[in-house]
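Visitor: Counting from 8, one number per residue, gives the positions in the sequence shown under the working numbering.
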Amino acid sequence: MAVPACHRRARPNVLVITVDTLRADRLGCYGFGLAHTPAIDRLAEEGVRCTDVATAAPITLPAHASIMTGLYPPAHGVRDNGNYALGQEAVTLAEQLHAAGYRTAAFVSAAVLTRRYGLDQGFAVYDDDLWSEDTPPLFMIRERPAQRTADRALAWLEDWWKSAPRQPFFLWVHFFDPHQPYNRRSNDLAALAPTPYDAEIAEADRGVGRLLDRLRQQGVLDETLVAFTADHGESLEEHGEPTHGIFIYDATIRVPLIWRLPGVFGANTTYDGPVRHIDIASTVLGVLGLPGGDSTQGTNLLQALRGRTPPPDLVQYSETRLAEEGFGMAPLFGVRHAGRKWIQAPHPELYDLRQDPRELTNLYPRDAAAARPLEDALAAITTASTRRALSAPTRLIDRETEEMLRALGYIAPPEQRAEMAGRDPKDGMALYNKLQEARQLVQVDRLDRAETLLGEVLAAAPENVTARNLLAFVAVKRNELDEAERQYVASLEQQPRQHRVHGALGALALRRGDLDESERRFHLALELAPNDVEAMSNLGFIDAVRGNDAGAEAWYERAIAIDPTYPHVHRRLADLFYDRKDYARALQYYRRVLAALPEYFEVLIQAGNSARFFGDVPTAAEYYDEANRVRADSWIPSYNLACLRALNGAPDDALALLGDAIERGLASQELLDGNPDLETARMLPGWRSLLDRMQTAATPAAPG
Ligand SMILES: [Zn+2]
């Protein structure tokens with residue numbers, strides 16, 4: 008029988024994997040002998056590994072925006088995390104593939120990539136619900152560990168697998184683990200990896216491996232174009248930079264990039280030509296035979312990657328505006344070309360990357376002639392990008408984002424920016440590092456050491472209110488509230504327009520129970536910053552304490568109108584009614600939080616508790632079950648369900664649920680023996696062995 012002439016092989020699926028903060032040279036396939044990255048190494052063995060890849064920006068959101076649009080940051084307009092979003096007129100790879108009949112989905116793992124920043128364009132599913140995760144440590148980015156992101160992407164793949172007819176998919180999965188803080192989450196991987204950073208990379212690799220293995224099992228991996236990369240690297244103290252974002256040296260600019268599609272790309276090959284993140288979209292479209300690549304700033308590298316044509320001679324552009332946006336220092340712009348790097352800064356830099364790959368010897372101005380063509384190339388890219396620039400809406404960032412960006416060093420308070428004005432980041436770095444180190448020491452309660460560092464900063468720069476404000480925070484942590492107040496007042500004398508300092512003084516007054524003074528301070532904060540939702544939330548709280556519920560609600564509503572994605576305000580109101588034992592009203596507000604954030608774990612538990620306390624047992628059980636579904640690894644939902652069952656005539660059920668809770672890590676005798684709710688369960692013969700199980704589970708296994 009003749010094959011119809013119009014028969015064409017279906018287009019391959021597309022899987023883009025990005026691992027955050029992953030230096031190329033920490034992967035086994037890029038030559039790091041101590042790496043534990045078997046999945047990524049195998050991908051390289053089965054595909055083309057690009058050896059010379061540069062990101063457009065060492066910052067998560069701008070880098071991903073370049074990957075997804077094929078445009079440089081000055082063209083797509085997203086110059087930093089947090090206060091930019093990709094504009095609607097941008098055309099993303101997802102939009103193009105969606106239009107071509109692809110089923111699209113994205114799974115991201117960090118708050119800096121949630122949909123409010125615009126990368127959701129073209130994705131039918133954009134899974135950015137991080138509210139079921141643990142509340143991050145003070146100031147840290149809300150993130151989702153690789154295995155949970157992989158679980159959710161795999162669940163989506165199962166649905167896709169069962170769908171009929173099965174459209175090709177475009178799936179983007181983002182893993183965040185290697186980003187600071189480096190938590191040694193998984194003991195077996197931590198033991199294999201040389202540093203906590205490498206353990207996080209190993210954790211991400213495990214997530215990558217699970218995705219690829221599943222596609223292999225389904226028999227569709229060979230029909231899937233895989234592009235694996237990182238948004239940027241990590242300095243690991245090179246050039247005095249602890250993490251990433253301030254500089255554009257290769258430590259943070261060079262990233263891995265691996266392509267896999269058997270029959271199109273050779274196995275176990277390398278490509279040594281220059282590649283940019285902006286080339287990914289046009290190359291994907293090129294492989295699929297789809298138009299659209301020409302409207303990007305990138306180059307379709309399909310034929311070059313296959314070895315059919317010589318590598319195009321591309322200029323690699325990178326920028327960072329973080330020092331400027333965050334600290335008022337000068338921004339950095341640079342290009343890599345033909346073995347050289349040029350960095351435009353107040354003190355410009357030129358490096359010979361072949362002789363000096365660590366960029367330790369600045370050849371400028373000695374070799375100014377060699378810099379000139381690079382300067383011209385940089386100017387050409389800037390001009391071309393500006394000519395086609397999209398407008399990226401800047402947005403008011405929510406409080407949690409602002410706090411974490413600030414603490415991670417992505418944003419400084421305005422007063423600190425003024426202190427840093429126009430400085431070359433190379434010069435500002437020492438001061439920045441000292442303040443940053445002090446801030447981190449405060450977070451981990453190493454207050455004496457923090458105080459010493461801050462004293463040093465103030466000795467050199469007595470006008471530095473950032474150091475003064477941190478000293479005040481040290482005093483708060485020591486519970487020396489008078490000293491804290493003294494420091495904050497001194498800070499305001501230096502710079503009176505700091506609304507946050509008024510807010511901090513308002514919070515101190517609240518702790519003393521001085522509602523009038525607290526109210527006065529929060530009003531001052533609001534006069535200086537009319538959108539300060541934190542001040543509104545506190546003014547609402549003060550009204551509530553005074554018994555003025557209507558006033559409290561009005562403040563909370565006002566805050567919500569300004570930042571509807573700020574669920575803490577609803578939660579605060581709910582918690583208030585909960586503390587007053589007005590459980591019906593508490594539940595009403597928890598429901599409003601859950602309407603916006605259905606997987607907010609702590610709120611599910613609180614909603615369950617509220618329902619339980621006003622006697623609605625079925626509703627309570629529903630919330631606990633939902634909490635259980637959201638966080639299958641937590642003992643809390645099972646424990647609460649056990650209490651509910653024990654109180655409602657089902658002590659046997661309670662015992663079984665407590666068994667589940669122990670398996671999931673419940674290890675508190677007090678919670679079992681001291682809780683009157685469990686009275687009926689304690690009478691059962693199985694109680695003793697339950698306690699034994701808990702003891703056994705809590706005792707570490709003997710070595711050997
Ligand atoms: Zn990143």
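Note that beta-carbon positions come from the ideal geometry of N, C-alpha and C, so glycine has one too. Computed from a predicted model, the values in this text were never measured in an experiment.
Relative to ligand 1, is the shortest distance from any of its heavy atoms to the C-beta of Asn27 smaller than 7 Å?
Guide: Inspection of the sequence shows that residue 27 is occupied by Asp rather than by Asn. Yes, the beta carbon of Asp27 sits closer than 7 Å to at least one heavy atom of ligand 1.
Visitor: Examine the Cβ distances between the stretch 336-356 and the stretch 364-378 and report whether three or more of them are shorter than 8 Å.
Guide: At 8 Å Cβ cutoff, the stretches touch.
Visitor: With burial defined as no fewer than 16 other Cβ atoms inside 10 Å of the residue's Cβ, what is the status of Cys13: buried or exposed?
Guide: Unreliable placement is indicated for Cys13, whose pLDDT of 41 sits below 50; no coordinate value is reported for it.
Visitor: His239: beta carbon under 7 Å from a heavy atom of ligand 1?
Guide: Yes, ligand 1 has a heavy atom inside 7 Å of this Cβ.
Visitor: Counting Cβ pairs closer than 8 Å, one from the stretch 120-133 and one from the stretch 85-97, do we hit at least three?
Guide: Flag = yes, the stretch 120-133 and the stretch 85-97 touch.
Visitor: Given a cut-off of 8 Å on the beta-carbon distance, is the pair Ala117 and Phe183 in contact?
Guide: In contact: Ala117 and Phe183 (Cβ atoms closer than 8 Å).
Visitor: Between the C-alpha atoms of Arg343 and Asn275, what's the straight-line distance to the nearest angstrom?
Guide: One C-alpha to the other measures close to 26 Å.
Visitor: What is the residue span of the alpha helix (DSSP H) that Gly216 lies within?
Guide: Looking at the DSSP string, the run of the alpha helix (DSSP H) that includes Gly216 is 203-224.
Visitor: Using beta-carbon positions only, say whether Arg261 and Ala31 come within less than 8 Å of one another.
Guide: Taking 8 Å as the Cβ cut-off, Arg261 and Ala31 qualify as a contacting pair.
Visitor: From Gly293 to Gly280, what distance separates their C-alpha atoms?
Guide: Roughly 18 Å between the two C-alpha positions.
Visitor: Taking 8 Å as the cut-off, decide whether the C-beta atoms of Thr327 and Asn307 are in contact.
Guide: Result no, Cβ atoms of Thr327 and Asn307 do not sit closer than 8 Å.
Visitor: What does Leu232 pair with, by DSSP beta-bridge criteria?
Guide: DSSP output for Leu232 lists Val21 as bridge partner(s).
Visitor: Whose C-beta lies closer than 8 Å to the C-beta of Met701 among residues of the same chain, with five residues either side of it excluded?
Guide: If we look at Met701 and ignore the five residues flanking it on each side, its Cβ neighbours are Ile669, Leu673, Ala674, Gln676, Leu679.
Visitor: Relative to the alpha-carbon of Val233, which residue among Ile265, Glu207, Gln224, His246 has its alpha-carbon at the smallest distance?
Guide: When each option's Cα is compared against that of Val233, the closest is Ile265.
Visitor: Could you check the C-alpha separation between Pro692 and Leu685 for me, to the nearest Å?
Guide: The straight-line gap from Cα to Cα measures roughly 14 Å.
Visitor: Which residue wins for smallest C-alpha separation from Ala337, given the options Glu52, Gln174, Pro380, Gln351?
Guide: Checking every option, the nearest Cα to that of Ala337 belongs to Gln351.
Visitor: Out of Gly226, Pro19, Val610, which one is the CA nearest neighbour of Leu580?
Guide: If we check each option's Cα against that of Leu580, Val610 comes out closest.
Visitor: Contact check, Thr626 vs Ala639 under 8 Å by CB: the rounded distance?
Guide: Actually they do not touch by this definition, with Cβ atoms about 21 Å apart.
Visitor: Would the beta-carbon of Thr277 be found less than 7 Å away from any heavy atom of ligand 1?
Guide: No, Cβ of Thr277 sits at least 7 Å from all heavy atoms of ligand 1.
Visitor: Can you tell me whether Ala688 is helix, strand or coil according to DSSP?
Guide: Ala688: helix per DSSP, three-state reduction.
Visitor: Within the same chain, show all residues whose beta-carbon is closer than 6 Å to that of Trp179, passing over the 5 residues directly before and after it, in chain order.
Guide: Taken in chain order, the residues that qualify are Val23, Ala113.
Visitor: First and last residue of the alpha helix (DSSP H) that includes Phe529?
Guide: Note, Phe529: alpha helix (DSSP H), 522-535.
Visitor: Please look up how many angstroms separate the CB atoms of Asp48 and Cys36, rounded, as I've assumed it's under 8 Å.
Guide: Their Cβ separation, rounded to whole angstroms, is 4 Å, which keeps Asp48 and Cys36 in contact under 8 Å.
Visitor: Give a yes or no on contact between the stretch 459-476 and the stretch 500-519, applying the rule of three or more CB pairs nearer than 8 Å.
Guide: At 8 Å Cβ cutoff, the stretches touch.
Visitor: Does DSSP put Arg695 in a helix, in a strand, or in coil?
Guide: The answer is helix: DSSP assigns Arg695 an H, G or I state.
Visitor: If distances are taken between C-alpha atoms only, which option among His251, Arg361, Glu633 comes closest to Ala330?
Guide: Here the closest residue by C-alpha is His251.
Visitor: Can you give me the Cβ contacts of Thr202 inside the same chain, cut-off strictly under 6 Å, excluding the 5 residues immediately before and after it?
Guide: There are no such residues.
Visitor: Check the C-beta distance from Pro263 over to Leu29 and give it rounded, since I have them as a contact under 8 Å.
Guide: Yes, Pro263 and Leu29 are in contact; Cβ-Cβ is about 7 Å, under 8 Å.
Visitor: Quick one: Cα of Asp556 to Cα of Asp550, how far?
Guide: Going from the Cα of Asp556 to the Cα of Asp550 covers about 7 Å.
Visitor: Output yes or no for whether 8 Å exceeds the beta carbon distance between Ile287 and Tyr79.
Guide: No.
Visitor: Using a Cβ-based criterion (distance less than 7 Å to any ligand heavy atom), does Thr67 qualify as near ligand 1?
Guide: Under cutoff, so the answer is yes.
Visitor: Consult DSSP for Phe183 and reduce its assignment to one of helix, strand or coil.
Guide: Three-state DSSP puts Phe183 in coil, outside helix and strand.
Visitor: Would you check whether ligand 1 has a heavy atom nearer than 7 Å to the C-beta of Leu354?
Guide: With the sequence shown as reference, residue 354 is identified as His, and Leu is not the correct amino acid for it. No; taking the cut-off as 7 Å, the Cβ of His354 has no heavy atom of ligand 1 nearer than that.
Visitor: Contact defined as beta carbons within less than 8 Å: I believe Ile285 pairs with Thr259. What is the distance between those atoms, to the nearest angstrom?
Guide: So it is not a contact: roughly 17 Å between Cβ atoms.
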